[in-house]
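*Asks:* Input: one structure, supplied below.
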Amino acid sequence: SGYVVLGAEDPDPWLLVTSAYQAVWCRNETTTRRDRVESPSDVIARAGELTRKYVGRSDAVATVNVARLMSVGEHARFRDAFSGLHVIDATESFDALRRIKTPFEIAALRDHGSVLDASLDVFRDCAHPGMRYWEACARTEAFVKAKGSFWGRTKIALDLTPYTVPAPRDRIMREEDVINFEIVYESPWGYWLELTTVFSFHELPDDAQCLLQGYLLAAEAAVAAARSGNRFADVKQATESTLRSLGLPVAGTHTPDCHSIGLDGSDGPSSEEAPDFELVNGTVLSLHPGAVLERDRGMLISDNFLVTPEGAERLSPHDAERYHIEIDRSGRP
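Residue 77 in my numbering sits at position 3 of the sequence shown; the count goes up by one each step and never skips.
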């Protein structure tokens, strides 16, 4: 755990962490100036000391996420360290600002979207019946990590449900498998993105094709509904009404239809916890129709989008043609 201290007119933050090992890790992984990453013996006292150096005549100090993350004992020590200062909880205001991405951030998100989309070709090119899923997923993740990503995971569902999970280490690919494949990875700049597709070694069976087309149409409706001025509830309604109109019986929800994404947990709520949340221009969403059908049937269809007045704009080269990738077995075992 730790704290970040930033002065209003100082472009470089201080990062205060609780151990020397964490400090070395942070110097290696973050863009913070190395000399401003510290592991003091008393992190809260050092945060108070640095803050007082920045405070001007107003003696005002804004905090973000302090009330959410501190234990009762830590909060008591924090109050003592900041006594005499006018402490304001700015978490909600900060969240509202962070939901609007800068041009630099949008470019970084697009770049990572391209990397994740290209990683699907790595899986396609190495996969064949008899191969362990774990090995194919490892090769896919190696490609993403080689581009500078820090960590994440690949997940699969093989039973026409939307419940993607890490592949069992000994699970072998079969020629008849229908593979709902998901990759979730942090970009070099720290942004989390999610992307899915469906792999198969032959044309999709009728039931799988029906599910995929239904969820693709639901995703298109969700993208159109994810425009500025609408609410998360509008996105969910668009998803479920589309599936029902196709005769696909919606039984519930297995994951939020969308949520905002960014560097941390401060970027905004999800469609499940805040259905009345209003979308604004510049918000970035991970969008994935979350409806599950009767008998737990469904497909996970996911990509990342920028909210605009006309609807959501895709932040990757992924499109409907990339949501089913048939693996060519010619010349393979």
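Idealized CB from N, CA, C, for every residue including glycine.
Note that the structure is predicted; figures quoted are calculated from it, not measured.
Residue ranges of each alpha helix (DSSP H) run of no fewer than 4 residues wholly in the region 128 to 183, ordered along the chain?
*Replies:* Here the runs fully enclosed are 140 to 143, 146 to 155, 165 to 172.
*Asks:* Between the Cα of G303 and those of P363, G385, P323, R227, spot the shortest distance and give me the residue it belongs to.
*Replies:* Ranking P363, G385, P323, R227 by Cα distance to G303 puts G385 first.
*Asks:* Can you name the start and end residues of the alpha helix (DSSP H) that S315 belongs to?
*Replies:* Note, S315: alpha helix (DSSP H), 306 to 319.
*Asks:* In three-state DSSP terms, what is G339?
*Replies:* Any reading at G339 needs caution, since the residue's pLDDT is 46, under 50, leaving its predicted position unreliable; the model's value is listed next. G339 falls in the coil class under three-state DSSP.
*Asks:* Under the rule that 16 or more other beta-carbon atoms within 10 Å means buried, what is A141, buried or exposed?
*Replies:* Exposed.
*Asks:* Pull up the CB-CB distance for C332 and L291, whole angstroms please, since I reckon it's below 8 angstroms.
*Replies:* In fact, because the Cβ distance is near 16 angstroms, the residues do not count as touching under 8 angstroms.
*Asks:* Find the nearest neighbour of R110 within the set V91, D116, R126, judged by alpha-carbon distance.
*Replies:* That would be V91, whose Cα lies nearest to the Cα of R110.
*Asks:* If we count Cβ pairs, one from each stretch, closer than 8 angstroms, do we get three or more for the region 173 to 192 versus the region 246 to 253?
*Replies:* They do not touch, by the three-pair rule.
*Asks:* With distance defined between alpha-carbon atoms, name the residue in R107, P87, G76, L183 nearest to Y95.
*Replies:* The option with the nearest alpha carbon to Y95 is G76.
*Asks:* Can you tell which of L232, F351, A201 has the C-alpha that lies nearest to the C-alpha of F306?
*Replies:* Checked all of L232, F351, A201; the closest Cα to F306 is F351.
*Asks:* Which partner residues does L374 have in the DSSP bridge list?
*Replies:* For L374, which the question treats as bridged, DSSP gives no partner whatsoever.
*Asks:* Determine which residues share a DSSP beta bridge with L380 and list them.
*Replies:* DSSP lists V358, E387 as partners of L380.
*Asks:* How big is the Cα-Cα spacing for Y207 and L320?
*Replies:* Using only the alpha carbons, I get a separation of about 33 angstroms.
*Asks:* With H, G and I counted as helix, E and B as strand and the rest as coil, what does DSSP make of S344?
*Replies:* It is a strand residue.
*Asks:* So what does DSSP say about S274, is it helix, strand or coil?
*Replies:* Here S274 sits in strand by DSSP.
*Asks:* Taking three-plus beta-carbon pairs below 8 angstroms as touching, is the region 269 to 285 in contact with the region 191 to 201?
*Replies:* Output reads yes: the region 191 to 201 touches the region 269 to 285.
*Asks:* CB T238 to CB L374, shorter than 8 angstroms?
*Replies:* The answer is yes: Cβ separation under 8 angstroms.
*Asks:* By alpha-carbon positions, which one of A212, L278, E215, A97 ends up nearest to E400?
*Replies:* It is L278.
*Asks:* Output needed for F217: all residues of its chain with C-beta closer than 7 angstroms, excluding positions within five of it in sequence on either side, in chain order.
*Replies:* These residues qualify, in order along the chain: S193, V196.
*Asks:* Helix, strand or coil, according to DSSP, for T235 in the structure here?
*Replies:* Coil, per DSSP.
*Asks:* With respect to the beta strand (DSSP E) encompassing E256, which residues constitute its N-terminal and C-terminal limits?
*Replies:* Per DSSP, E256 belongs to the beta strand (DSSP E) from 252 to 260.
*Asks:* Relative to the alpha-carbon of G364, which residue among F379, F255, R388, T329 has its alpha-carbon at the smallest distance?
*Replies:* Looking at the Cα atoms, T329 is the closest of the given residues.
*Asks:* Return the CA-CA distance between A298 and F178, expressed in angstroms with no decimal places.
*Replies:* Distance between the alpha carbons of A298 and F178: 25 angstroms.
*Asks:* Along the beta strand (DSSP E) that carries W208, what are the first and last residues, could you check?
*Replies:* Careful: W208 lies outside any beta strand (DSSP E), inside the alpha helix (DSSP H) at 207 to 220.
*Asks:* State the DSSP-derived secondary structure class of G122, mapped to helix, strand or coil.
*Replies:* In this structure, G122 counts as helix in the three-state DSSP scheme.
*Asks:* Rounded to the nearest angstrom, how far is the Cβ of P323 from that of L367, given a contact under 8 angstroms?
*Replies:* Rounded, the Cβ-Cβ distance is 6 angstroms, consistent with contact.
*Asks:* When every heavy atom of the ligand FMN is checked, does at least one fall within less than 7 angstroms of the C-beta of R388?
*Replies:* For the ligand FMN, the structure offers nothing, since it holds no ligand at all.
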